[in-house]
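Just below is one structure, and these are the notes that go with it.
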């Protein structure tokens with residue numbers, strides 16, 4: 001693993017090229033949709049920096065930023081700056097269990113840890129202390145209410161946000177695995193309990209509509225990470241909707257030893273919490289929705305988050321956008337031209353341009 005003192009190269013490169021090179025999980029020709037949490041990465045980077053973004057691949061020699069999402073393990077080659085990023089414990093998280101390898105910094109890769117989602121990601125991405133880290137934690141999406149705060153009527157008693165793994169397809173409508181009976185909403189809760197899909201059309205407006213769909217709920221339970229970040233950041237009572245452990249309300253430690261989803265442990269550990277509340281419901285058993293709502297009301301409390309520390313850790317000069325009253329984020333000039341879908345050739349060409357410009361700036365320092 002490599003360490004460089006050229007910390008400001010990313011900022012100089014972004015200003016030289018007029019846009020921040022950013023790796024994120026966007027739409028492609030074969031996947032014409034976005035997962036709304038991943039799509040918030042370029043939105044948040046643009047809003048917090050006041051600069052345009054340019055999409056580059058995870059694997060590249062171009063200097064680049066990584067921000068929102070559990071994506072840190074996917075970056076290899078060149079110089080990478082992590083800002084509020086999460087990571088898997090493994091370099092190949094989708095491999096069969098017997099073939100999974102623990103994450104190590106890839107060869108020929110220089111890592112800068114400006115901020116991570118939480119302490120678990122910090123330990124992994126910093127090589128367990130081998131690389132410098134700022135110690136700053138937080139998902140950039142925590143900052144969204146600073147920019148997007150238009151009123152939304154709360155018309156649903158409970159929103160239930162499904163992870164992609166719960167779905168049978170990538171349709172924009174919710175089609176959950178029929179074996180996952182916990183998502184069945186009986187007639188008496190129709191009109192009160194809303195199932196919410198994270199699969200979103202490819203536009204900034206659609207992504208913000210998804211945010212507002214979550215905000216239209218008085219309470220939230222979620223297996224999606226950003227299905228928790230959104231309500232937590234907007235002060236909407238919420239609980240993690242877990243599948244492991246004793247059924248019903250529970251409190252768990254934010255340590256890996258619990259065996260729970262590392263993303264959720266990382267999120268709440270990043271808030272400095274030693275434990276967090278959740279509601280456990282086995283996938284193949286029907287949910288008592290009234291009990292869920294009672295648990296949310298009894299257990300949730302507002303979270304404190306120091307957004308200034310995260311903004312200060314942004315490895316390009318922060319110049320947060322001011323959103324005029326009555327203006328939708330999607331109509332801001334900075335975001336109006338933001339594309340969330342790209343062809344492979346376009347992304348690779350952008351990476352080549354930034355790699356060449358980055359080398360020139362490094363030589364001329």
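Residue numbers (our numbering): 1 to 365. Beta carbons are placed, not taken as given, at the ideal position from N, Cα and C, and that holds for glycine.
If I measure Cβ to Cβ from residue i and keep anything under 6 Å in the same chain, skipping five residues before and after, which residues do I get?
{"i": "residue 350", "result": "54 and 56"}
{"i": "residue 340", "result": "26, 27, 34, 39 and 202"}
{"i": "residue 73", "result": "87, 88, 91 and 103"}
{"i": "residue 50", "result": "319 and 321"}
{"i": "residue 210", "result": "36 and 200"}
With DSSP as the reference, label residue i as helix, strand or coil.
{"i": "residue 260", "result": "coil"}
{"i": "residue 287", "result": "coil"}
{"i": "residue 40", "result": "helix"}
{"i": "residue 28", "result": "coil"}
{"i": "residue 142", "result": "helix"}
{"i": "residue 173", "result": "coil"}
{"i": "residue 158", "result": "strand"}
{"i": "residue 167", "result": "strand"}
{"i": "residue 296", "result": "helix"}
{"i": "residue 49", "result": "helix"}
{"i": "residue 19", "result": "strand"}
{"i": "residue 354", "result": "helix"}
{"i": "residue 3", "result": "Note that residue 3 has pLDDT 42, beneath the 50 cutoff, so the model's placement of it is unreliable and the number below is only indicative. Note: residue 3 maps to coil in three-state DSSP."}
{"i": "residue 303", "result": "coil"}
{"i": "residue 347", "result": "helix"}
{"i": "residue 54", "result": "strand"}
Cβ of residue i within 6 Å of any heavy atom in the ligand FMN?
{"i": "residue 74", "result": "Of ligands this structure carries none, so the ligand FMN is not represented either."}
Using 10 angstroms around the beta-carbon of residue i, count the other beta-carbons present and answer buried if the total reaches 16, otherwise exposed.
{"i": "residue 284", "result": "exposed"}
{"i": "residue 289", "result": "buried"}
{"i": "residue 190", "result": "exposed"}
{"i": "residue 346", "result": "exposed"}
{"i": "residue 165", "result": "exposed"}
{"i": "residue 2", "result": "Its pLDDT being 40, under 50, residue 2 is placed unreliably in this model, and the coordinates cannot settle the point."}
{"i": "residue 36", "result": "buried"}
{"i": "residue 24", "result": "buried"}
{"i": "residue 32", "result": "exposed"}
{"i": "residue 352", "result": "exposed"}
{"i": "residue 13", "result": "buried"}
{"i": "residue 168", "result": "exposed"}
{"i": "residue 244", "result": "exposed"}
{"i": "residue 356", "result": "exposed"}
{"i": "residue 122", "result": "buried"}
{"i": "residue 259", "result": "exposed"}
{"i": "residue 101", "result": "exposed"}
{"i": "residue 4", "result": "Residue confidence is low: residue 4 scores 45 on pLDDT, short of 50, so the model does not pin down where it sits. Its coordinate-derived value is still stated next. Exposed: under 16 other Cβ atoms inside 10 Å."}
{"i": "residue 207", "result": "buried"}
{"i": "residue 324", "result": "exposed"}
{"i": "residue 180", "result": "buried"}
When you compare each of the options to residue i by their alpha carbons, which one comes out closest?
{"i": "residue 232", "options": "143, 357, 20 and 361", "result": "143"}
{"i": "residue 213", "options": "275, 78 and 156", "result": "156"}
{"i": "residue 215", "options": "223, 243 and 229", "result": "229"}
{"i": "residue 204", "options": "99, 42, 141 and 78", "result": "42"}
{"i": "residue 296", "options": "197, 241 and 225", "result": "241"}
{"i": "residue 327", "options": "150, 29, 6 and 77", "result": "150"}
{"i": "residue 366", "options": "209, 116 and 226", "result": "Residue 366 cannot be examined here, being either before or after the span of the chain that is shown, 1 to 365."}
{"i": "residue 106", "options": "85, 77, 93 and 118", "result": "77"}
{"i": "residue 60", "options": "344, 170, 302 and 263", "result": "344"}
{"i": "residue 68", "options": "79, 111 and 116", "result": "116"}
{"i": "residue 197", "options": "188, 187, 177 and 309", "result": "177"}
{"i": "residue 171", "options": "145, 256, 15 and 200", "result": "200"}
{"i": "residue 19", "options": "45, 308 and 356", "result": "45"}
{"i": "residue 293", "options": "187, 98, 125 and 218", "result": "218"}
{"i": "residue 223", "options": "185, 235, 267 and 256", "result": "267"}
{"i": "residue 182", "options": "291, 342, 206 and 260", "result": "291"}
{"i": "residue 70", "options": "52, 62, 93 and 63", "result": "93"}
{"i": "residue 174", "options": "187, 159 and 188", "result": "159"}
{"i": "residue 237", "options": "152, 302 and 194", "result": "302"}
{"i": "residue 273", "options": "264, 287 and 254", "result": "254"}
{"i": "residue 118", "options": "256, 358 and 334", "result": "256"}
Sorted by chain position, which residues of the same chain lie with C-beta nearer than 8 Å to residue i's C-beta, five sequence neighbours on each side aside?
{"i": "residue 311", "result": "48, 143, 318 and 320"}
{"i": "residue 11", "result": "315, 316 and 317"}
{"i": "residue 114", "result": "81, 82, 83, 134, 136, 313, 314 and 315"}
{"i": "residue 247", "result": "280, 281, 282 and 285"}
For residue i, I'd like the list of residues in its chain whose CB is within less than 7 Å of its CB, leaving aside the five on either flank, ordered along the chain.
{"i": "residue 305", "result": "138, 142 and 271"}
{"i": "residue 239", "result": "221, 277, 278, 279, 295, 296, 299 and 300"}
{"i": "residue 348", "result": "57"}
{"i": "residue 154", "result": "216, 217 and 218"}
Entirely enclosed alpha helix (DSSP H) segments - the stretch 306-345, minimum 4 residues = 307-313 and 333-336
Quick one: which unbroken alpha helix (DSSP H) runs of 4-plus residues sit fully inside the stretch 65-140? Chain order, please.
-> 119-125
Contiguous alpha helix (DSSP H) assignments of at least 4 residues, all confined to the stretch 183-269 = 204-215, 226-234 and 262-269
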